[in-house]
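In my numbering, the protein residues as written are 9 to 189.
We treat Cβ as the ideally placed atom computed from N, Cα and C, and that holds for glycine.
This report concerns only the one structure given below.
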């Protein structure tokens with residue numbers, strides 16, 4: 009599989025659609041080289057400080073959080089429909105307990121601009137350099153959001169990843185088309 013580099017906003021609409029349903033892979037790598045993938049459904053892409061950014065939210069209770077705290081980068085990989093089962097698995101199991109990539113038969117592909125690899129076969133790989141992080145603060149959050157999403161006070165950390173590269177498979181457009189009934 010040969011990836012081509014494309015502008016960061018070339019696939020913005022299908023990326024955000026997949027973020028909403030069924031989710032995306034967030035890939036992190038610890039200092040020891042251990043790679044992990046988790047499923048994310050919260051995040052966004054935009055311009056901050058004049059740079060394209062991918063913002064992802066991760067709870068401190070997640071294994072991915074510990075890896076991101078050791079790293080300066082992450083990748084976000086948009087799954088093909090054939091990878092939805094692996095995405096579901098990665099969203100329901102912890103990398104603390106097992107090598108989810110091995111269990112799901114997911115292979116990595118080296119990134120061009122960051123240390124963290126992407127997932128081979130995913131139509132899109134966003135390579136992101138962590139430039140900042142912020143914690144969600146209960147005192148600044150609407151009460152209804154707290155009661156619905158944070159009943160156990162497990163607030164997210166928001167990682168700001170400057171998008172240094174977006175790589176796409178040649179058939180990414182076809183793989184990202186909405187399903188037709």
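Residue interval of the alpha helix (DSSP H) (run including residue i)
i           : result
residue 99  : 92–100
residue 74  : 71–78
residue 86  : Where residue 86 is concerned, there is no enclosing alpha helix (DSSP H), although the beta strand (DSSP E) it sits in stretches over 81–86.
residue 65  : Taken as a continuous stretch (DSSP letters only), residue 65 belongs to no alpha helix (DSSP H), being part of the beta strand (DSSP E) at 59–66.
residue 152 : 151–157
residue 181 : 180–183
Neighbourhood of residue i by C-beta, 7 Å cutoff - its chain only, sequence neighbours within 5 removed
i          : result
residue 51 : 27, 62, 63, 64, 65
residue 43 : 35, 37, 109, 116, 125
residue 56 : 168
Spatial neighbours of residue i in its chain, beta-carbon cut-off 6 Å, leaving aside the 5 residues before and after
i           : result
residue 181 : none
residue 133 : 83, 85, 126, 175
residue 98  : 45, 46, 47, 108
residue 140 : 168
Inter-residue CB distance, residue i and residue j (contact presumed, cutoff 8 Å)
i          : j           : result
residue 95 : residue 131 : In fact, because the Cβ distance is near 13 Å, the residues do not count as touching under 8 Å.
residue 88 : residue 129 : 7 Å
residue 67 : residue 142 : So it is not a contact: roughly 14 Å between Cβ atoms.
Burial state of residue i (16 or more Cβ within 10 Å)
i           : result
residue 135 : buried
residue 147 : exposed
residue 23  : buried
residue 155 : exposed
residue 138 : buried
residue 170 : buried
Enclosing beta strand (DSSP E) for residue i [first to last residue]
i           : result
residue 122 : Taken as a continuous stretch (DSSP letters only), residue 122 belongs to no beta strand (DSSP E), as it is neither H nor E.
Contacts around residue i, its chain only, beta-carbon distance under 8 Å, and the 5 residues preceding and following it disregarded
i           : result
residue 178 : 10, 12
residue 70  : 46, 102
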